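K.L.:
Numbered continuously in UniProt numbering, the sequence shown closes out at residue 179.
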Amino acid sequence: MPPRRIKSNSLRSEKIGATSPMKLESKQTNHEIKDGQKETDLSQELKFDKELLWCISQFDKQIKSGNLSKAKEQESLKAIRILRKQSNSKIQKIALMKQYFKDYKSKMQKEEEFLEKEAKTVFLKDAACNINKGIFVKKKVLNSNHRECENKNTFLFNFNSTLSDDLNKINEKLETIKL
């Protein structure tokens, strides 16, 4: 059955290109609304991306912990693939995130608050402060056992006495020459 024909004067004027002032005003407000919607859409899209990344990171943490059984690990990997795949619909991803993490938005909020508190407690210290300070190390004085240790740990060369005698003679000659 062919589509119905509409016989209206307003449609004929639109076909020709004539527009009334009322229509121009409505078009302008539509553009303004669309710009506002674009901003909210972008912020919602960024928020969704943030939620998506949080869920993926939670799956990664679970897998890296090693506490999952093989079946749970495979299930988590499958969920990660679904969440990362761009061709999957947003609704499907949201349903999957709710299935695994129930109220993931509140969990994200709690984690952010915790991290903010942790960031406030952490402070950095200049390393330059420690450079000027010297460190004194005191050698330990050995007790009377020192001599016993020396006897055990000493190493002696076994030179022939003739060599030492020869060296002594040479030293004596050098001394006489110097005088």
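Quick reminder that beta carbons are idealized off the backbone N, C-alpha and C, glycines included. Keep in mind the model is a prediction, meaning the values are calculated, not measured.
#1: Could you tell me if PHE59 is buried or exposed, where buried requires 16 or more neighbouring beta carbons within 10 angstroms of its beta carbon?
#2: So, is MET22 buried or exposed, given that buried needs 16 or more other C-beta atoms within 10 angstroms?
#3: Terminal residues of the continuous alpha helix (DSSP H) containing ARG4?
#4: List, from N- to C-terminal side, the alpha helix (DSSP H) runs of 4 residues or more that fit wholly inside the region 33 to 102.
#5: For LEU53, which option in ILE80, LEU68, ASP166 has the closest C-alpha, if you only look at C-alpha atoms?
#6: Under 8 Å, with one C-beta from each stretch per pair, do the region 40 to 55 and the region 100 to 111 reach the 3-pair mark?
#7: Return the first residue and the last residue of the alpha helix (DSSP H) that LYS120 is part of.
#8: Can you give the Cα-Cα distance for GLN37 and GLU45, rounded to whole angstroms?
#9: Taking the C-alpha atoms as reference points, what is the distance between ARG84 and PHE48?
#10: Could you compute how far the alpha carbon of GLU112 sits from the alpha carbon of LYS70?
#11: Could you give the distance in angstroms between the alpha-carbon of GLN62 and the alpha-carbon of GLU118?
#12: Figure out for me which residue from GLN86, SER76, LEU124, ASN88 has the closest Cα to the Cα of PHE101.
#13: For LYS120, count the other beta carbons within 10 Å of its own beta carbon; 16 or more makes it buried, fewer makes it exposed. Which is it?
#14: Is it right to say LYS72 is buried, meaning 16 or more other beta carbons lie within 10 angstroms of its own, or is it exposed?
P.N.:
Let me spell this out:
#1: buried
#2: Since pLDDT at MET22 reaches only 47, below the 50 mark, its modelled position is unreliable, and no value is offered.
#3: It is not in any alpha helix (DSSP H) - ARG4 carries neither H nor E in the DSSP assignment.
#4: 70 to 84, 90 to 101
#5: The option with the nearest alpha carbon to LEU53 is ILE80.
#6: yes
#7: 104 to 121
#8: 12 Å
#9: 13 Å
#10: 31 Å
#11: 22 Å
#12: SER76
#13: The residue is exposed, with fewer than 16 neighbouring Cβ atoms inside 10 Å.
#14: The residue in question, LYS72, is exposed, as its Cβ has fewer than 16 Cβ neighbours within 10 Å.
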